[in-house]
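Q: Structure provided below as structure tokens; questions to follow.
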Amino acid sequence: MSYKYSFSLSGVKTNWQPSLNARAHHTDKYANTELTVRRGQGFTISLYFNRPRQNGESLAFVTEIGNAPLA
Numbered sequence: 001m002s003y004k005y006s007f008s009l010s011g012v013k014t015n016w017q018p019s020l021n022a023r024a025h026h027t028d029k030y031a032n033t034e035l036t037v038r039r040g041q042g043f044t045i046s047l048y049f050n051r052p053r054q055n056g057e058s059l060a061f062v063t064e065i066g067n068a069p070l071a
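3 is the number that UniProt numbering gives to position 3 of the sequence shown; each next residue is one higher, with no gaps.
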């Protein structure tokens with residue numbers, strides 16, 4: 001495959017939409033500053049990249065939780 005850009009697609013910013021998600025998950029009254037969502041309910045995030053994604057390019061998004069998620 002040939003791509004218009006010769007450099008890799010990289011994430012440059014993640015907006016976890018804390019206000020929107022807190023309201024939707026009824027966690028907006030919690031006294032913490034981290035995103036808190038409820039298991040089994042969808043949430044919204046915005047991912048920003050260093051360039052537009054090209055047709056045919058794959059994108060994987062992996063989430064992990066806890067202090068040692070791979071342990």
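Ideal Cβ positions, reconstructed from N, Cα and C, are used throughout, including at glycine.
Q41: which of W16, A24, D28 and N67 sits nearest, CA to CA?
A: Ranking the options by Cα distance to Q41, first place goes to A24.
Q: Could you tell me the boundaries of the alpha helix (DSSP H) in which N21 lies?
A: Per DSSP, N21 belongs to the alpha helix (DSSP H) from P18 to A24.
Q: Taking the straight line between their C-alpha atoms, what separation do you get for E64 and L20?
A: Computed Cα separation, rounded: 21 Å.
Q: Looking only at its own chain, which residues have a Cβ that is under 6 Å from the Cβ of F43, when we skip the five neighbours before and after it?
A: Contacts found: N21 and V37.
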